[in-house]
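J.: Right, I'll just put the structure down here and ask away after.
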Amino acid sequence: MKIGYERSGGFAGLRISFELDLDDLPEEQSKTLRDLLDEADFDELPAQILPARPGADQFSYRITVHGRHGLRSVETTDSAAPETLRQLLAQLNQLARTRMRH
554 MKIGYERSGG FAGLRISFEL DLDDLPEEQS KTLRDLLDEA DFDELPAQIL PARPGADQFS
614 YRITVHGRHG LRSVETTDSA APETLRQLLA QLNQLARTRM RH
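To convert a position in the sequence shown, counted from 1, into our numbering, add 553.
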């Protein structure tokens, strides 16, 4: 399973993106991401979860999963993401920060 992650917007308008293969991660990290995808019921989410009115300076996200059910992408923002998806976003943001330091 592979996850593509993109974050854009925010005050500075910076864009971060990466793709990772869960099989290349340490087992605990891979399990955490798989569990968060399951908890968010990722395969059942709509392709876009957007706020009724766009907000200034918030981040926009696109998560793309290449998994057993094919390719699935979800776009959302800070204010529109359901709580279960926010946990996944937090984990992916942490991975992005780690990758930027290396």
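Note that CB positions come from ideal geometry on N, CA and C, so glycine has one too.
From the DSSP secondary-structure annotation, give me the bridge partner or partners of residue 562.
T.: Partner(s): 612.
J.: In this structure, does DSSP put residue 625 in helix, strand or coil?
T.: Looking at residue 625 - three-state DSSP - the assignment turns out to be strand.
J.: What does the alpha-carbon distance come out to for the pair residue 550 and residue 554?
T.: Residue 550 is absent from the structure shown; the chain starts at 554 and stops at 655.
J.: State the start and end residues of the unbroken beta strand (DSSP E) segment that holds residue 570.
T.: That run of the beta strand (DSSP E) goes 569–574.
J.: Nearest to residue 640 by alpha carbon, out of 568, 594 and 624?
T.: If we check each option's Cα against that of residue 640, 594 comes out closest.
J.: When the Cα of residue 556 is compared with those of 634, 626 and 637, which residue comes out closest?
T.: Checked all of 634, 626 and 637; the closest Cα to residue 556 is 626.
J.: To the nearest angstrom, how far is it from the Cα of residue 567 to the Cα of residue 622?
T.: Going from the Cα of residue 567 to the Cα of residue 622 covers about 31 Å.
J.: Can you grab the Cα-Cα spacing for the pair residue 649 / residue 571, in whole Å?
T.: Using only the alpha carbons, I get a separation of about 7 Å.
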